[in-house]
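Q: One structure, pasted below without further comment.
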Amino acid sequence: MLCQYDDVNSQSIIKEIKRNGCDEDSIVMRQVVGALLAPSATEDAKEIEIYLLYPVVAGSKGVYVVVDPMNEIVEGSENNNIMAVSEPLESPSPFLDVAGQIVGKTALPFVVILLTMSLLGVVYFVGKARREEVKKRIAEQSSLISVLDSED
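If you want this note's numbering, it's the position in the sequence shown, counting the first as 1, plus 161.
What follows is the structure, encoded as structure tokens:
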């Protein structure tokens, strides 16, 4: 599980996570990894690399990795279940990241407004065309009436 807080590598946050777990608002990703077997007496311990990709927000944030948050795995020491990511997590193009966030937040309302305006334009032009047709029919009928009246 990955937790994101405003403080980077803070021991007080690590202690708080050990006591109460991550706040639900601070959890940015959960991933369950299948069974990992302990090495036998003849084998060396094997390291496993797991790559977690998650959307981040702009700014300086502290990311904490929590393994076995419910302490379901029997271990010799539970002290290493929470680690702060000490390497800086940065993007090669931070400007595009911020622009992407802004576009992501404003794109849907903009599209809804644009579609509404387009629909209103279609309604206007259809109404205008129908009005012109009605005016032509009325003009034809009035000309027919005047012709019929002149014949009498």
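Note that CB positions come from ideal geometry on N, CA and C, so glycine has one too. Quantities reported herein were computed from a predicted structural model and do not represent experimental measurements.
For a test of the three-state rule: what should DSSP assign to M162, helix, strand or coil?
A: Along the sequence shown, one-based indexing puts residue 162 at 1. Reduced to three states, the DSSP call for M162 is coil.
Q: Kindly indicate which residue of C164, N170, S173, I175 has the alpha-carbon position closest to the one of I188.
A: By one-based count along the sequence shown, residue 188 stands at place 27. Closest option to I188, Cα to Cα, is C164.
Q: What are the boundary residues of the beta strand (DSSP E) that includes I188?
A: Residue mapping note: residue 188 aligns to position 27 of the sequence shown, counting from 1. First-last of the beta strand (DSSP E) with I188: 188 to 190.
Q: Under the three-state reduction of DSSP, which class applies to A202: helix, strand or coil?
A: On the sequence shown, position 41 is the one that residue 202 refers to. Coil.
Q: How would you write the range of the beta strand (DSSP E) that I243 sits in, first residue to last?
A: Indexing the sequence shown from 1 puts residue 243 at position 82. Counting along the chain, the beta strand (DSSP E) containing I243 begins and ends at 243 to 245.
Q: Using the C-alpha atoms, what's the distance from K289 back to L214?
A: Counting from 1 along the sequence shown, the entry for residue 214 is found at position 53. Counting from 1 along the sequence shown, the entry for residue 289 is found at position 128. Cα to Cα, the separation comes out at about 54 Å.
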